[in-house]
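**Q** What follows is a single structure, and I will ask about it in a moment.
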Amino acid sequence: MRSTYEFGILGPLLVRRSGAPVHVNAAKLRMLLASLLVEADRVVTVDALVHRLWGDAPPLRARNTLQNYVLRLRRALGSPADTGPVRTRPHGYLIETDPQTLDVRRFTSLVRLGRTALEQNTAERAAALLRQALELWRGDPLCDLPGDAFPELRLTLREQHLAALELRIDADLAAGRSADVLPELRALVEAHPLREHFWAQRMLALYRCERQSEALECYRTVTALLTEELGVTPGPALRDMHARLLAAAPDLGRPPGGAAAAASPTAPGRPALPVETTGFIGREAQLAQVRALLSTARLVTLTGVGGVGKTRLALRSAAQLAASYADGVHLADLAALTSPDLLDRAVAEALGLRDQSARPPAQALVDALRDRQLLLLLDNCEHVADAVAGLVLRLLRAAPGLTVLATSRHRLGVPGEHILTVPCLTLPEPDAGCDARQPPERSESARLLVQRAAASAPAFAITARNRAAVAQLCRRLDGIPLAIELAAVRLGAMTAEEMLERLDDRFRVLCLPDMPGTETRYQHTLRGVIDWSHTLCTPRERLLWARLSVFSGGFDLSAAEAVCAGEGVEREEILDLLAALVNKSLVAVDSTGPRARYGMLETIRQYGLERLGELTRQTGLRIRHGAHYRAMTLRAGAEWCGPDEVDWLLRLREELPNLRTALDFCATRPEHVGTAVAIAVDLARTRCWFFSSVLGEGRYWLERLLAAAPALPPDLTVGALAMKVWIALCQGDNPAAERFLAECRAQAAGSDGPAVAPFTFIEGAHALLVDGTSASIPLLAAAREQFLRDGRRGDAHMATMMWAMAEAFLGDPVSARAAAGEYTAEAEAGRAPWARTWARWCAGLVELRHGDPAAALAPLRDALARQNSFGDNWGPVWGVETLAWAVAETDRYTDAARLLGAAHRLRQDTGVALTGLRPFHDAHAAAERRVRAALTTQEYARARAYGAAQNSVLLALRISAEPGGDPRAEEVTDPGA
């Protein structure tokens, strides 16, 4: 199980592992850890670390000693080299973090959010965010390290702290709390007498408290100080404040509509963008144009022909602008989207929304984006342009902080859209091959050719002999990046002159003298190069290229073998043919995961689809594609509740684009709808829809497929209806669950085969979650036995879990402990990691309701930590909520209120409604009553708001690991005060 780490440098060096403190005592190890943290997620070279640890007098064999320190640090952190945060790289080491687990990054993010909220006239929210940012400071940065360590960093962080403090006071003033901030401002101007903004804030606060004479006296005081100490007069902002005080400007007497935000240093976050794997050439003018457009426009669309580099330009622009958006940059690649109906869900998935509710996904997007400031990059929009236009218009109208950068082969047609047509790369001058003063490599196209050729032809270089041919080749390819990259691959097998001759032969056929329009010419140029690349492939390579185009979002070797083998391509040949296509830059490979993952550029894939259509074999291939992914989900279902269940969840999540393609194809073919229903049911049985935060999509497919399905086997129909009921229950949509359950009862009537078990299970689940009655216990126990009789171990596990849960909520202590013990034994016997987490959760729930609440904390915390390490988005919703109940029962009321706030935040993020889940709702209401009775209204609101603003899982792990509670629990600043 992967541990979760938290690091802190805003005060003494701090490390927590899954919420528990980690002590790094050795001075050199602390210095090493600090050196990595201040450069978090960037490689720190060995030389830099040696200098940091020993200065100008390193010991002999310093590099070996450093390596030993790294090993000791990993041991202190309790992490092996391959999975822990400290990673080895070719030239040094780095430590992996994210914005939530390194306090300085969270501080920077909160300050950005606060500044944005203040600019958008939401002063209360701004003040709350900035208070949270400032609360992260535990003292002077790295104050437990030697005083000469990181002097520049410490100065920078102190300046950022003061700037955040100024900004928070601006927010308080904007919210009308002038009297509240006066004592603080008096201390600040004494501590920082030359910081003019504090003086301006104090003058404004005094004026609003009807102390005008004191406000004017402040100006005289600061003027004298600046003159005496620095020999300067007050700056423009302070002079303007003085003039407005003298004139009694009308806006001074009330909180201004939009307080000017203090300058706040920002550091770029980690945008949700793919890492560039090849160099980026040129485009300086276009990058500047995109920056200028996005500074004033909220929708910018990059248009141009396929292969011109729209995506690379958009990604580079977004990465450069990431720091300008408080909530970062998010990429939604729509290339694999098969139906406009799934657009809303695809964008929600790209934004990381975990909405599991029954509301329309577009509404969930609106609600999530309404108060956020981010850049949304929509890539490859052309095939769903109308749907994209409608969604973008709705989102821009509802979310004032949203900016959209889109790529498409044509405009979207949305009001306010700004178009930037992406040009081809710059070309060598016509005489570049002859004039040494104007070499072709000055042009972007020639630089790209040389850079890409270096991979396949390391010896290639521009020389006096080939300079003219290279210049002509780049011009012949019209500077289209994709065309140049495809041509560069061939420079390992032929000279530039030979390539030029062969291309000219092809273009004389393809390009007519009177060809209309530049864009049409570019399209023919690119088509010619891809055609040429196609011709240079062997017949089997060409056939595989066409067949691989049926995959969406990538594929692995087993998928390629299963789908593409046969009729001219033997299964044993697939690997070699794939390697040949990789070598020709027609297929890309990613070998960083447990299985190599292959993919094609969308332009190349579309060409393959066109060729596949010419072969008139597309339908048969898509049938094989659907059959392969049906077999995958069938195997996942059979191995559910086993040692590989987490691997299956991760794999199914990765394969969702292909699964959607298979579902969409089968849904349109009556004879294959049954295959699609079986896929959707198995994805629900394996909890893929839950784990991947696309629960609403699971319901969408089941409803669509069952509505279109011809007569299906009774057990499949009942199983699908049962899963539809199950999803509606988990969404808290009880009216829909009642309708679906009635359908399921009608279909199951009279059945005595495999259809009985899923129907019995869903009746028991309904009795537990909706009715909250003990009648659920025998129903779920019976379903468990029926599933086991039918050999469906994974489904039996789910029935066991629900039975144990029903016993915990509604049974007596003896039966509840027996059920939890049986469930734990079953999960352990199956060596099922995900099942074990729920067994731990059930054990904690039983202890909470029938034993010692304090003893419930350990199993509940363990379950939450494990689920979080798996990347599970569903389990932690209930883990944090249940920990809140347990903490409340241990009389730690402030911590319990915090956890109730954190759990509420998770339910908001996922769209879960407790009102539709009777036992959970009742337990929540009881815990809330207990906490409210122990705290004042203000104390409860303050603690709950604090919890809602934190990382919910990390807060729960921290609180549950500290039985004594947070010593500062009663000192949380009220975000709304």
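The numbering used here puts the sequence shown at residues 22 to 998. Quick reminder that beta carbons are idealized off the backbone N, C-alpha and C, glycines included.
Using beta-carbon positions only, say whether ALA420 and VAL387 come within less than 8 Å of one another.
**A** In this structure, VAL387 lies closer than 8 Å to ALA420 by Cβ.
**Q** Tell me the residue span of the beta strand (DSSP E) that contains TYR1006.
**A** The displayed coordinates of the chain run from 22 to 998. Any statement about residue 1006 would go beyond what the structure contains.
**Q** Leaving aside the five residues before and after GLY658 along the sequence, list all residues of the same chain whose C-beta is less than 7 Å from its C-beta, in chain order.
**A** Counting only Cβ-Cβ distances below 7 Å, and skipping sequence neighbours, we find ASP703, ARG706, THR707 and GLY815.
**Q** Among ARG561, TRP722, ALA917 and LEU308, which has the Cα closest to the Cα of ALA696?
**A** According to the sequence as given, residue 696 is Thr; it is not Ala. Closest option to THR696, Cα to Cα, is TRP722.
**Q** Write down every uninterrupted run of the alpha helix (DSSP H) in the region 851 to 922 whose length is 4 residues or greater and which is fully enclosed by it, in chain order.
**A** Those alpha helix (DSSP H) runs which fall completely within the region 851 to 922 and span 4+ residues are 854 to 871, 874 to 891 and 896 to 910.
**Q** Use the C-beta contact count for SER316: other C-beta atoms within 10 angstroms, 16 or more gives buried, fewer gives exposed.
**A** By the neighbour-count rule (16 or more Cβ atoms within 10 Å), SER316 is not buried but exposed.
**Q** Starting from ALA718, trace the beta strand (DSSP E) in both directions and tell me its first and last residue.
**A** Strictly speaking, residue 718 in this sequence is Glu, with Ala absent from that position. Per DSSP, GLU718 belongs to no beta strand (DSSP E); it is in the alpha helix (DSSP H), 716 to 729.
**Q** Can you tell me which of the three DSSP states THR958 falls into?
**A** Helix.
**Q** Indicate whether VAL45 and LEU57 have their beta-carbon atoms separated by less than 8 Å.
**A** Contact flag unset, no.
**Q** Under 6 Å Cβ to Cβ from SER981, same chain only, skipping five residues before and after it: list those, please.
**A** LEU878, ARG882 and LEU904.
**Q** Just the C-alpha distance for ARG38 and ALA841, rounded to the nearest angstrom, thanks.
**A** Roughly 28 Å separates the two Cα atoms.
**Q** Quick check: LEU927 and PRO897, are their CB atoms within less than 8 Å of each other?
**A** Contact: yes.
**Q** Is any heavy atom in the ligand FAD found nearer than 7 Å to the beta carbon of ALA208?
**A** Summarising the ligand content, the structure contains no ligands, and the ligand FAD is consequently not present.
**Q** Along the chain, where does the alpha helix (DSSP H) that runs through THR689 open and close?
**A** Looking at the DSSP string, THR689 is not in any alpha helix (DSSP H), and its letter there is neither H nor E.
**Q** Among the candidates PRO775, ASP577, PHE782 and THR624, whose CA atom is the shortest distance from the CA of PRO502?
**A** Residue THR624 is the option with its Cα nearest to PRO502.
**Q** Among the residues of its own chain, which have a CB less than 6 Å from the CB of PRO834, if the five just before and after it don't count?
**A** Cβ within range, chain order: HIS871.
**Q** For VAL491 and LEU524, what's the separation of their Cα atoms in angstroms?
**A** So the alpha carbons of these two residues sit roughly 13 Å apart.
**Q** For LEU742, is the classification buried or exposed, using 16 other Cβ atoms within 10 angstroms of its Cβ as the cut-off for buried?
**A** Label assigned to LEU742: buried.
**Q** Between GLY614 and LEU512, what straight-line distance do the alpha-carbon atoms span, to the nearest angstrom?
**A** Using only the alpha carbons, I get a separation of about 31 Å.
**Q** With a cut-off of 8 Å, do at least 3 Cβ pairs link the region 355 to 374 to the region 396 to 415?
**A** Segments in contact, yes.
**Q** Nearest to GLU156 by alpha carbon, out of LEU267, PHE711, PHE128 and ARG133?
**A** When only C-alpha atoms are compared, the closest one is PHE128.
**Q** Which of the three DSSP states is assigned to GLU1002 in this structure?
**A** Because the chain is modelled from 22 through 998, residue 1002 falls outside the range shown and cannot be assessed.
**Q** Could you check where the beta strand (DSSP E) with VAL321 kicks off and where it finishes?
**A** First-last of the beta strand (DSSP E) with VAL321: 320 to 324.
**Q** Report buried or exposed for ASN1004, applying the criterion of at least 16 other Cβ atoms within 10 angstroms of its Cβ.
**A** In the structure as shown, the chain starts at 22 and stops at 998, and residue 1004 therefore has no counterpart that could be examined.
**Q** Check whether the Cβ atoms of LEU163 and ALA170 sit closer than 8 Å, and answer yes or no.
**A** Contact: yes.
**Q** Check whether the Cβ atoms of GLU403 and HIS439 lie closer than 8 Å to each other.
**A** Their beta carbons are not under 8 Å apart, which means GLU403 does not touch HIS439 by this criterion.
**Q** If I'm right that ALA758 touches HIS787 with Cβ under 8 Å, what's the distance once you round it to whole angstroms?
**A** Rounded, the Cβ-Cβ distance is 7 Å, consistent with contact.
**Q** Taking 8 Å as the threshold, find out whether the region 217 to 235 comes into contact with the region 172 to 181 through three or more Cβ pairs.
**A** Result no; under three Cβ-Cβ pairs closer than 8 Å.
**Q** What residue from TYR914, ALA749 and THR738 has the CA that sits closest to GLN768's CA?
**A** The shortest Cα separation from GLN768 among TYR914, ALA749 and THR738 belongs to THR738.
**Q** Using the DSSP secondary-structure output, state which residues sit across from ALA353 in a beta bridge.
**A** Answer is LEU399, bridged to ALA353.
**Q** Quick one, which of GLY641, ILE644 and LEU607 has its alpha-carbon nearest GLN627's?
**A** Minimum Cα distance to GLN627 is reached at LEU607.
**Q** State the start and end residues of the unbroken beta strand (DSSP E) segment that holds VAL107.
**A** Start and end: 107 to 110.
**Q** Who are ARG609's beta bridge partners in DSSP?
**A** Per the sequence shown, the amino acid found at residue 609 is Ala instead of Arg. In DSSP, ALA609 forms a bridge with GLY620.
**Q** From the DSSP output, which residues share a beta bridge with LEU423?
**A** DSSP, once it has assigned bridges, lists LEU395 as partnering LEU423.
**Q** Write down the C-beta distance between LEU999 and MET52 rounded to the nearest angstrom, noting that I regard them as a contact closer than 8 Å.
**A** Given that the chain is displayed from residue 22 to residue 998, the structure contains no residue 999 and the question cannot be resolved.
**Q** Assign ASN755 to buried or exposed, taking buried as 16 or more other Cβ atoms, counted over all protein chains shown, within 10 Å of its Cβ.
**A** Buried: at least 16 other Cβ atoms inside 10 Å.
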